[in-house]
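Okay, structure first, notes after.
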Amino acid sequence: MFNQSLEAVFLQHDQLLKGYQQYWQFSPFQQHVLPWDNNPLLENLQALSLQEIEALEQQPEQAALHFSEHFPELSTCLAEWQLAPKNAAKLATPFWLTNGIKGRKAEQIQAFSEQLQGENLAILEWCAGKGHLGRLISFHHHLPVTSLEWQATLCESGEQQAKQLKLPQQFHHCDVLEPQAQRYLQSQQHAVALHACGELHLQLLRLAAQHKPQKLSICPCCYHLINGEHYAPLSDLAQQTKLRLSKTDLRLAVAQSVTSGQRVQTLRQRELHWRLSYQCLREELTQQAHYQSLPSIAKQWFSKNATFKDFVEWACQQHQISAPAELDEQRYLEKGQQRHLLVRRLELVQQLFRPIMERWLLLDRCLFLQQQGYQVRLVELFPFKTSPRNVLIQAQLG
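Residue 195 in this note's numbering sits at position 195 of the sequence shown, and the numbers go up by one each step.
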């Protein structure tokens with residue numbers, strides 16, 4: 001898979017994150033100017049037009065190339081990342097088996113199931129939802145599947161579909177974070193998890209270290225959804241690092257999405273613009289320069305029919321301050337536009353290190369499994385456009 005050991009690859013990523021820490025470990029929304037004492041980089045960023053920024057945001061590889069003179073080790077690290085080839089054999093799936101499953105989800109479970117060709121172990125599906133993955137695996141490979149899911153209604157729906165299709169798939173209403181979950185793990189078993197968030201897939205790894213299922217196939221997601229405020233590394237090597245990662249830092253690993261449509265992206269940029277425009281107003285009203293976050297809000301606020309004035313009134317209520325009786329909307333929207341442009345420039349640099357952060361986290365999981373006696377490999381499960389979380393960890397007791 002790699003020309004070097006997993007330990008060496010991890011250390012390469014660890015050293016890079018530590019060496020360039022000032023360029024990724026910060027909050028763009030807290031900045032009022034570009035914060036680095038690096039004149040060539042600052043000149044490069046200032047010279048970019050909005051159109052050029054937008055193009056680089058959508059093409060991470062081009063962005064890495066554009067800034068390669070400022071971060072030469074980064075380019076080398078990105079180029080050397082090599083994943084194991086995925087199983088190329090296609091499996092036939094009748095249309096009625098994936099009926100009602102959204103296109104990208106159907107592609108994901110299809111690719112996952114194809115990686116299990118030749119399997120003869122019983123399957124444990126972790127955080128199953130309606131059991132789409134387990135159902136497809138059971139159909140393709142004629143295997144019994146035990147599906148764990150904490151939402152009872154999803155269990156009932158999945159159980160119904162399995163019965164209709166006469167597939168050996170059993171559902172258990174179970175919170176995998178509770179001790180009872182471990183009774184479902186067995187040694188002669190293949191545990192699978194597709195996009196189980198943060199603490200959920202970490203729990204599977206921790207329990208696997210105790211109960212040693214023969215195989216694991218895990219496609220992690222949402223690394224920042226953990227119980228603690230800071231990440232607790234799994235492997236011995238990651239525990240020795242000087243990096244201390246907060247939930248905010250972990251969000252960097254999943255910050256990029258290329259799967260949303262143009263309308264969603266437009267609304268997101270308008271939302272950021274309005275939030276930052278309001279921030280400029282809030283700073284004047286309160287004489288406090290630090291960024292203060294606002295709760296999530298329905299995207300309809302940022303449609304063409306909504307107004308910035310309405311948003312300001314809502315935001316002031318959230319922060320318990322009085323909205324101005326007369327609001328110079330244009331003035332604050334212009335100030336917010338400048339702040340928005342600054343944030344996008346900052347994020348453009350920060351995003352260069354997104355894949356490095358995600359790989360660091362993936363490698364920590366791989367090294368942990370190696371310590372438990374597993375042989376591990378990483379596979380690119382499906383294209384990035386299908387889902388940015390597209391790396392599968394495959395582990396087998398050797």
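We treat Cβ as the ideally placed atom computed from N, Cα and C, and that holds for glycine.
Around the Cβ of W360, are there at least 16 other Cβ atoms within 10 angstroms (buried) or fewer (exposed)?
Your numbering for residue 360 matches position 360 in the sequence shown. Its Cβ being crowded by 16 or more others within 10 Å, W360 is buried.
Counting only the same chain and skipping the five closest in sequence on each side, list residues whose C-beta sits under 6 Å from that of A122.
As a working note, residue 122 is residue 122 in the sequence shown. The answer, listed in chain order, is P144 and Q189.
Have a look at Q394, T386, Q396 and A395 and flag the residue whose alpha-carbon is nearest the alpha-carbon of G103.
Working through the sequence shown from its first residue, we reach residue 103 at position 103. With distances taken between Cα atoms, G103 lies closest to T386.
Chain-order list of residues whose beta-carbon lies under 6 Å from that of E114 (same chain, five-residue window excluded):
Position 114 of the sequence shown holds residue 114. N87 and L91, listed in sequence order.
Using 8 Å as the Cβ pair cut-off and three pairs as the minimum, do the region 273 to 284 and the region 208 to 224 touch?
no
Please say whether L185 and L213 have beta carbons closer to each other than 7 Å?
As a working mapping, residue 213 is identified with position 213 in the sequence shown. As a working mapping, residue 185 is identified with position 185 in the sequence shown. Checking the sequence, you will find Pro at residue 213 rather than Leu. Contact flag set, yes.
Within a Cβ cutoff of 6 Å, which residues of the same chain sit near P28, ignoring the five residues on either side of it in sequence?
Walking along the sequence shown from the start, residue 28 turns up at place 28. Cβ within range, chain order: V343, L346 and E347.
Does DSSP classify L234 as helix, strand or coil?
Here residue 234 is taken as the residue at index 234 of the sequence shown, counted from 1. Coil.
Who are the near neighbours of Q4 in its chain, counting only those whose CB is closer than 8 Å to its CB and skipping five residues on each side?
Here residue 4 refers to the residue found at position 4 of the sequence shown. Answer for Q4: Q12, listed in chain order.
Short Cβ contact (7 Å threshold) for C219 with L194
By 1-based counting over the sequence shown, the position of residue 219 is 219. By 1-based counting over the sequence shown, the position of residue 194 is 194. Between C219 and L194, the C-beta gap is smaller than 7 Å, which places the two residues in contact.
C-alpha distance - E358 paired with A325, whole-angstrom precision:
Here residue 358 corresponds to residue number 358 of the sequence shown, with the count starting at 1. Here residue 325 corresponds to residue number 325 of the sequence shown, with the count starting at 1. Roughly 47 Å separates the two Cα atoms.
Status (buried if at least 16 other CB within 10 Å, exposed otherwise) for E149:
The residue labelled residue 149 in the question sits at position 149 within the sequence shown. Label assigned to E149: buried.
Using only alpha-carbon positions, find the residue among Q182, S246 and L97 that is nearest to H140.
Locating residue 140 in the sequence shown gives position 140, where the first residue counts as 1. Comparing Cα-Cα distances from H140 to each of Q182, S246 and L97, the minimum goes to L97.
Is P168 helix, strand or coil by DSSP?
In the sequence shown, the residue the question calls residue 168 occupies position 168. Note: P168 maps to coil in three-state DSSP.
Between the Cα of R282 and the Cα atoms of S296, Q318 and Q262, which residue gives the shortest distance?
Translated into the one-based positions of the sequence shown, residue 282 becomes position 282. Among S296, Q318 and Q262, the Cα nearest to that of R282 is on Q318.
When G158, Q160 and A152 are compared against D175, the one with the closest alpha-carbon
Mapped onto the sequence shown, residue 175 falls at position 175. Closest in C-alpha terms to D175, from the list G158, Q160 and A152, comes A152.
How many Å lie between Q46 and Q58 at the Cα?
Mapped onto the sequence shown, residue 46 falls at position 46. Mapped onto the sequence shown, residue 58 falls at position 58. When rounded, the distance between both Cα atoms is 19 Å.
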